[in-house]
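Residue numbers (the working numbering): 80 to 307. Reviewing the structure listed below.
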């Protein structure tokens, strides 16, 4: 349960941007997609696929599942259950092809039912489209020369942040134990910089990098180490 105003503001702003992104996608407004995707990429660099997107062929899972891109989380879950039921009723699981199709359906539902996985899917499929229309570079990055910068403070690279002497001990511990990588550190830095009331622990839990039990164990380890 998010109680801090910073966490609430982050959640609401991201919901607005996600809605704008999917509305623009649905109406094939690539300029609108570019604006919303660029801002969401600042919030969540850890959700972006690395490497060139020039020759990638990522599938649109909305088309695979046959659902509207603007569907909300609860309706998405209901539509997935309906599609799964229809598949089992009409095709059963007899035969290798039917089983493989069912497994693909399950994979698709897993992605689209989970907010972060769904957003990662949306951003990467759309970055692929933006690359193909020459609106962003082949590496899928935003803020190309001549493109307006978003209104938030520009994020530093994750690798640069890892080398900063003032990196919070909890973040350093999570990096050392491979809970976080450069892109996750970059995401946390950007969110905490732009949402002053958001705490580090809330940002970590909201992103799902660890659960509450693991977070408490990491904090306890820090406390023990400090007492040695």
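Note that beta-carbon positions come from the ideal geometry of N, C-alpha and C, so glycine has one too.
- For the pair residue 217 and residue 128, the Cα-to-Cα distance works out to about 12 Å.
- When secondary structure is reduced to three states using DSSP, residue 215 falls in the coil class, being assigned neither helix nor strand.
- Per DSSP, the unbroken alpha helix (DSSP H) holding residue 186 starts and ends at 175-192.
- Nearest to residue 241 by C-alpha distance, out of 267, 219, 220 and 195, is 267.
- Annotated three-state conformation of residue 152 is helix, per DSSP.
- A distance below 7 Å between beta-carbons, with the five flanking residues on each side excluded, links residue 149 to the following residues of its chain, in chain order: 101, 102 and 105.
- Cβ neighbours of residue 202 within its own chain (closer than 7 Å, five residues either side excluded): 116, 119, 120, 126 and 127.
- In the three-state reduction of the DSSP assignment, residue 101 falls in the helix class.
- Contact fails between the segment 245-260 and the segment 150-166, because fewer than three Cβ pairs, one in each stretch, are under 8 Å apart.
- Burial of residue 188 is indicated by the presence of at least 16 other C-beta atoms within 10 angstroms of its C-beta.
- Taking the Cα positions, residue 133 is about 45 Å away from residue 299.
- The beta-carbon separation of residue 274 and residue 96, rounded to 14 Å, does not stay under the 8 Å limit for a contact.
- Spanning the alpha carbons of residue 137 and residue 143 requires a straight line of approximately 12 Å.
- Of the other Cβ atoms in all chains shown, fewer than 16 fall within 10 Å of the Cβ of residue 168; this residue is therefore exposed.
- Spanning the alpha carbons of residue 131 and residue 219 requires a straight line of approximately 7 Å.
- Within the same chain, 126 come within 7 Å of residue 199 by CB-CB distance, once the 5 residues on both sides are set aside.
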